[in-house]
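Engineer: Chains R and U, in that order, are what the protein sequence lines are.
Mapping the first sequence onto the working numbering, position 229 (from 1) lands on 229, and the numbers just tick up by one.
Mapping the second sequence onto the working numbering, position 64 (from 1) lands on 64, and the numbers just tick up by one.
Idealized CB from N, CA, C, for every residue including glycine.
Quantities reported herein were computed from a predicted structural model and do not represent experimental measurements.
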Amino acid sequence: MTNLSVRSSISRRSFLGTMGGVAAASALGPRLSWAADELNILVWCDHADPKLLQPFEQAHNVRVNVKTYEGTGTALSIIEQSQPGDWDVFVIDAPDVPQVAKQGLLASLNKDDYPWDDLFEQIRNAPYNSVEGKLYSVPEKFGYYGIAYNDSKVDGTDMSSNDVMWNPKYKGRMAVYDYYFPVIQMIAISLGMKPSDVNVQNLEEKIRPKLLELKPQVSLIGDIVGVQNALVSGNVDMIVAGAEFAVSVLTTEKPELQWTIAENGGLIWTQGLAIFEDSNKKDLANEFVKWVISPEGQGLLATSDCYWAMPTNSNAALNDAQKQILRWDEQPGFLAKSHLSFLPQPELDSAMLELWMEFVQS
Amino acid sequence: MAEITRPPIRGGFDFSRWAIVPAITITVCFFIVPLVIMLLVSFWQRIGGKLEATWTLANYEKFFSRSYLVDALFNSIEVALVATIVSVLLAYPLAHILAYRVPQRWQRFALILAVLPFWTSYVVRSYSWLLVLSDNGIINVALQSIGIIDQPLSMSYNRGATVLGFVHFFTMLLTLTIYANLVQISPSYRRAAADLGASNLQVFLRITLPLSVPGIAVGAFIAFVITIGDFITPQILGGNTELLIPQAIMLQVARAANFPMASVMSMTLMAVVTITYLAFAKYLKMDRG
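#1: Assuming contact is defined by CB atoms lying nearer than 9 angstroms, are L267 of chain R and P182 of chain R in contact in what I supplied?
#2: Please determine, among U:L90, U:R108 and U:F231, the residue with the shortest C-alpha to C-alpha distance to T171 of chain U.
#3: Taking DSSP as the reference, what is the three-state secondary structure of T268 of chain U?
#4: Closest to L231 of chain R by C-alpha separation, out of R:E287, R:N202, R:G265 and R:D151, would be which residue?
#5: Is it buried or exposed for I87 of chain U, if we count other Cβ within 10 angstroms and need 16 for buried?
#6: Along the chain, where does the alpha helix (DSSP H) containing N136 of chain U start, and where does it finish?
#7: If you measure from the beta carbon of V218 of chain R to each beta carbon in chain U, is any gap under 9 angstroms?
#8: Check the DSSP bridge columns for L135 of chain R and list the partner residues they point to.
#9: Determine the closest residue to K206 of chain R out of R:L340, R:M352 and R:P346, with distance taken between C-alpha atoms.
#10: Using beta-carbon positions only, say whether L122 of chain U and L243 of chain U come within less than 9 angstroms of one another.
#11: Helix, strand or coil: how does DSSP classify L355 of chain R here?
#12: Please classify D163 of chain R as buried or exposed, where buried requires at least 16 other C-beta atoms within 10 Å of its C-beta.
#13: Taking Cβ-Cβ distances shorter than 9 angstroms, what residues in chain R pair up with Y60 of chain U?
#14: Any residues in the region 231-265 of chain R with a beta carbon nearer than 8 angstroms to a beta carbon of chain U? Which ones, in chain order?
#15: Taking DSSP as the reference, what is the three-state secondary structure of N158 of chain U?
#16: May I ask you to report which of helix, strand or coil DSSP gives A274 of chain R?
#17: In or out: D96 of chain R buried (at least 16 other Cβ within 10 Å) or exposed?
#18: So, A325 of chain U versus T175 of chain U, is the Cβ gap smaller than 9 angstroms?
#19: Should S154 of chain U be flagged as near chain R, meaning a C-beta pair shorter than 9 angstroms?
#20: Using the C-alpha atoms, what's the distance from D278 of chain R back to P84 of chain R?
#21: Do K102 of chain R and V131 of chain R have their CB atoms nearer than 9 angstroms?
#22: Leaving aside the five residues before and after V153 of chain U along the sequence, list all residues of the same chain whose C-beta is less than 8 angstroms from its C-beta, in chain order.
#23: Can you list the residues of chain R that I112 of chain U reaches, using a CB-CB cut of under 9 angstroms?
#24: In angstroms with no decimal places, state the Cα-to-Cα distance between S33 of chain R and N61 of chain R.
#25: Whose Cβ in chain R lies nearer than 9 angstroms to the Cβ of N181 of chain U?
#26: Counting only Cβ pairs nearer than 7 angstroms, list the residues of chain R close to E78 of chain U.
#27: Spell out a yes or no on whether the region 325-343 of chain R and the region 121-136 of chain R are touching, meaning 3 or more CB-CB pairs, one atom from each, closer than 8 angstroms.
#28: Tell me which residues share the same chain as A24 of chain R and place their Cβ nearer than 8 angstroms to its Cβ, disregarding the 5 neighbours each side in the sequence.
#29: Report all residues from its chain with a CB closer than 7 angstroms to the CB of A262 of chain U; omit the five preceding and five following residues, and keep chain order.
#30: Starting from the beta carbon of E358 of chain R, find every residue of chain U whose beta carbon is closer than 7 angstroms, and list them in chain order.
#31: For a contact meaning CB atoms closer than 8 angstroms, what does M349 of chain R contact in chain U?
#32: Is it a yes or a no for the region 153-163 of chain U touching the region 124-133 of chain U, going by three-plus beta-carbon pairs under 8 angstroms?
#33: Which residues in chain U sit within 8 angstroms of D178 of chain R, going by Cβ to Cβ distance?
#34: For chain R, is any of its Cβ atoms less than 9 angstroms away from the one on I309 of chain U?
#35: How about Y127 of chain U: is its C-beta nearer than 9 angstroms to some C-beta of chain R?
#36: In the DSSP assignment, what are the bridge partners of H168 of chain U?
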C-alpha cells in the first residue's frame with residue numbers, strides 16, 4: 001500500500017524531471033548509466049554473494065543475472081528448458097565436466113588466460129578439467145568430504161577415521177549429507193579401496209553391506225541446510241560427508257563446530273567455472289572467469305556468505321583469521337592423503353543412485 | 001405452475017457459455033498437456049547420459065521390480081492416509097463446535113484463527129515444528145526441567161514428526177470444508193428428529209454426520225492429494241529417513257536428470273490419486289441436492 005500511494009503521488013512533471021535527470025547523469029558519467037550489458041550465470045549459491053559480483057559489475061559496466069541451483073541434474077534440466085545463448089557462465093561439480101562437455105554444451109578455454117601455475121597442483125591437474133586435451137573448466141574452489149562434528153559432544157580422536165560412521169557410541173547422533181556420490185566413495189576409502197576402484201560389482205558385493213549397516217546409526221539424511229541445522233540445533237553431533245563447506249561459515253560464532261578428514265584418506269570435491277558454447281558473450285564470460293580466479297575474486301569466493309571452502313588459487317587474498325578457519329597451513333597434508341572424486345560412467349552412476357535409494361528406504 | 005423461460009439473449013451473445021473458456025484453456029495448457037508429455041516421457045529412456053525417445057515399458061518394469069521403490073509407494077500412501085484420517089478426526093469436532101456452539105458473531109473470528117496457519121510459508125512452518133520437537137526444543141527442555149525425563153525424547157526426524165507437520169496444516173483446511181458443509185444443513189432436520197424423540201447422539205449419527213459427508217470428503221481428498229505429493233515436510237521433519245515417492249522423484253531429477261524414471265514415479269502417484277478420486281467421487285460435492 002505504501003508503494004502504491006507513493007507511486008500515485010508522483011506527478012507527470014516530477015516523473016519527467018526525474019527521468020531527465022537520469023538521462024543527464026547517464027550522459028555525464030558512465031558509472032551512473034544503466035548497465036550496458038548483461039551476463040547470465042548458472043551457478044552454485046556461493047556466486048550469488050553481492051560482494052563477489054559488484055566489483056565485476058562496476059569494472060565492466062555490466063549486470064550479472066544469477067540463477068542458483070543444487071545438483072548437476074537440476075542444472076541440466078534448466079539448460080534443456082532454455083534457449084541456446086540464454087546462459088553464459090556455468091559453475092559445475094568438476095567431475096561432471098566431461099559428461100557435459102561431451103554433450104557439446106561447453107566452450108573450450110585457454111589455459112594462458114588464467115594464473116594456471118598459481119592453482120594448487122593436485123586440483124589443476126585433475127583429469128576432469130579437460131576432455132581430449134581441451135580445457136573446459138577452470139577449477140575455482142575445492143574442499144573435502146569428511147566428518148564435520150561438534151567438538152564439545154564427541155571425542156575428537158574418534159573422528160580421525162571413517163570407521164566412526166559405524167561406531168555404536170554415536171548411534172542416532174549422526175546426519176548424512178544426502179548425496180550418494182561422496183558417501184559411497186568415503187565407504188570405499190574406509191574399505192581400503194581407491195574411489196576409482198569402485199565398479200558395479202564391488203558396489204554390490206562390498207560397499208552395499210557397509211552402506212546398509214550405516215543406516216541404523218543415522219537419524220537424518222538431508223541437504224546441506226538440513227544437516228547444518230541438525231548439527232547447530234544439537235539434534236546430531238556429527239555430519240557424515242560434511243567438512244568445511246558445512247561448518248566453516250559458522251565457526252566464528254560456534255567454535256565448537258569442527259571438521260576433519262580421515263587418516264586413511266579424505267575425498268576431494270572441486271567445482272569448476274565453464275563457459276557455454278552457445279553464449280553470445282564469450283569474451284565477457286571469460287572476463288568473469290578471470291575475475292573469479294584472480295586473487296581478489298578467489299578471496300571473496302572462498303568466504304562467500306553461502307559457504308566457505310578453499311580457493312584453488314594459492315595467492316587468494318585472505319587474511320590470517322580466514323586462513324585459519326580454512327586450515328590453510330594444513331592443506332599440503334590434507335591434499336597429500338586425499339583422493340579426487342572419480343569419473344563415474346552412466347551405468348555405475350545409475351547403480352550408485354539405486355543403491356542410495358535402497359539405503360534411504362532400508 | 002407457469003413454465004419459467006429464460007429471457008432472450010440480447011445480440012445473441014451468451015456470456016455464460018464463453019465464461020468457461022479461460023478455465024478450460026488453463027486446464028488444457030497447464031494440466032492436460034503437461035500430463036500427456038509426462039506420460040510420453042515415461043516411455044523414454046536415459047541412455048549414456050542422454051534422453052532417447054523410445055517406446056518401452058522398461059522404466060515401469062524397473063519401478064515395480066525394485067522392492068524399495070514399491071515400499072516407497074506404500075510409505076507415501078500410508079503417510080497420506082494416516083495424516084488425512086487424523087486430520088479428519090481432529091477437524092470434525094472443531095468444525096462442529098464452530099458451526100453449532102460458537103455464537104454467530106464469533107464464528108468469523110474463529111474462522112480467521114483457523115486459517116492462520118495458511119499465512120506462513122510451508123518451509124517456515126516445518127522448521128518451527130523442528131524447533132519444538134528437537135532434542136533442545138521446547139517440549140524436551142520443559143520435560144527435563146520438571147524432572148519427568150533425564151534424556152531428551154527423540155521426537156524429530158521420523159514418520160511421526162512428518163504426520164504431525166501435515167496434521168497441523170490439514171486439520172485447519174478440513175475444519176473449513178466441514179464447517180462450510182455443516183452450516184448448510186437446515187436446523188429444521190435436527191429439530192424434526194428431536195421432536196420425534198431422537199437423542200442428541202441419534203440426531204448426530206442419523207442426520208448431521210451423513211449430511212456432512214460431502215464436506216469431509218472434499219477436505220479429505222484435498223488433504224490426501226497434497227500430502228502424497230509433498231516433498232518439503234518429509235524432508236525437514238521426517239529427516240528423509242524413509243523413502244517416499246516425492247523424495248525418489250527429486251533424486252531422479254536433481255541428481256541424475258533421469259526424467260523418464262521420474263515420470264514413471266509421477267504417473268504412479270497420479271494413478272493412486274485417480275483411484276482415490278474414484279473412491280471419493282460420489283461424495284465430492286458441497287451441496288446436498
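Structural biologist: The relevant details are as follows:
#1: yes
#2: U:L90
#3: helix
#4: When C-alpha distances from L231 of chain R are compared across R:E287, R:N202, R:G265 and R:D151, the shortest belongs to R:D151.
#5: It should be pointed out that residue 87 of chain U corresponds to Ser in this sequence rather than to Ile. Classification of S87 of chain U: buried, given that the 10 Å Cβ count is 16 or more.
#6: Note, N136 of chain U: premise wrong, no alpha helix (DSSP H); not H, not E.
#7: With 9 angstroms as the cut-off, V218 of chain R counts as an interface residue toward chain U.
#8: R:L109 and R:S130
#9: The closest CA to that of K206 of chain R, considering only R:L340, R:M352 and R:P346, is found on R:M352.
#10: Checking the displayed sequence, the identity of residue 122 of chain U turns out to be Tyr instead of Leu. Going by C-beta atoms, Y122 of chain U is not nearer than 9 angstroms to L243 of chain U.
#11: Looking at L355 of chain R - three-state DSSP - the assignment turns out to be helix.
#12: exposed
#13: Chain R residues near Y60 of chain U: none, gap ~16 angstroms exceeds 9 angstroms.
#14: So the close ones are S233, G234 and N235.
#15: coil
#16: Residue state, collapsed to three classes: strand.
#17: buried
#18: Since the first residue shown for chain U is 1 and the last is 289, residue 325 of chain U is missing from the structure and cannot be characterised.
#19: yes
#20: 5 angstroms
#21: yes
#22: Note on identity: in this sequence residue 153 of chain U is Leu, with Val being the wrong assignment. Cβ within range, chain order: I139, N140 and L143.
#23: Ordered by position in chain R, no residue passes the 9 angstroms Cβ test against I112 of chain U, which lies about 20 angstroms from the chain.
#24: Only weak support is given to the placement of S33 of chain R: the predicted model assigns it a pLDDT of 42, under 50, and the value that follows is read from those uncertain coordinates. Using only the alpha carbons, I get a separation of about 8 angstroms.
#25: In chain order: nothing, as chain R lies at least about 35 angstroms away.
#26: None at all; the shortest Cβ gap to chain R is about 13 angstroms.
#27: Verdict: yes, contact present.
#28: Any reading at A24 of chain R needs caution, since the residue's pLDDT is 40, under 50, leaving its predicted position unreliable; the model's value is listed next. Here the set comprises nothing.
#29: I249, Q252 and V253
#30: Y68
#31: First, the amino acid is wrong: residue 349 of chain R is Asp here, not Met. Contacts between D349 of chain R and chain U, judged by CB atoms closer than 8 angstroms, involve A256 in chain order.
#32: yes
#33: N240
#34: Residue 309 of chain U cannot be examined here, being either before or after the span of chain U that is shown, 1 to 289.
#35: yes
#36: The partner list for H168 of chain U (beta bridge, DSSP) is empty, contrary to what the question assumes.
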